[in-house]
Structure formats: structure tokens, C-alpha cells
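When you number the sequence shown by this note's numbering, it's gap-free, plus one each residue, and the end is 68.
Using N, Cα and C, we set each Cβ at its ideal position, and we do this for glycine too.
Keep in mind the model is a prediction, meaning the values are calculated, not measured.
Report on one structure; see the data block that follows.
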Amino acid sequence: MAAIRQEIPHRVTVYHDSDEQEKELKNAMLPEKPRYFNGHPTYRGENLEEFKDRLDALGMSVDM
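What follows is the structure in C-alpha cells.
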């Protein structure tokens, strides 16, 4: 995956390298549906570490 940033309180924005990566993460995060910020999906997350832990639990990772 590409990169993650916290630009909105309690939300983590994910910047993907491709549409395929975005679809893969979107499916893995179900039932949570992403909101969008400047065209990029955002997911619940108090901070980046918490979000990375959620991804690890799903068997995914992010390069920062």
C-alpha cells in the first residue's frame, strides 16, 4: 500500500498506489465504509498506530 496520514481528527486517510489496492482495503475493512477526503478514503482511527494495528490484524500493512 501507499501511505497513511491523519489529516482529520479520529480519521486516517489512505493514499493508495492503485485502484486495486483501494478495493482490497475497502473489502477488508467491511462493514466499515470509508468516507472520502479530497478524493481519498478515510477510516476511523484515533491515531496512525491504532490504524496500523487494525491493518495488521487483517493481515495487511502500509508503507509510511
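- Beta-bridge partners assigned by DSSP to residue 66: none are found.
- Note: residue 7 is bridge-paired with 19 in the DSSP secondary-structure output.
- A distance below 7 Å between beta-carbons, with the five flanking residues on each side excluded, links residue 52 to the following residues of its chain, in chain order: 8, 10, 16.
- Under the Cβ criterion (8 Å, minimum of three pairs), the stretch 35-44 does not count as touching the stretch 53-62.
- Rounded to the nearest whole angstrom, the CA to CA distance from residue 22 to residue 65 is 15 Å.
- Note that the C-beta distance between residue 19 and residue 33 is not below 8 Å.
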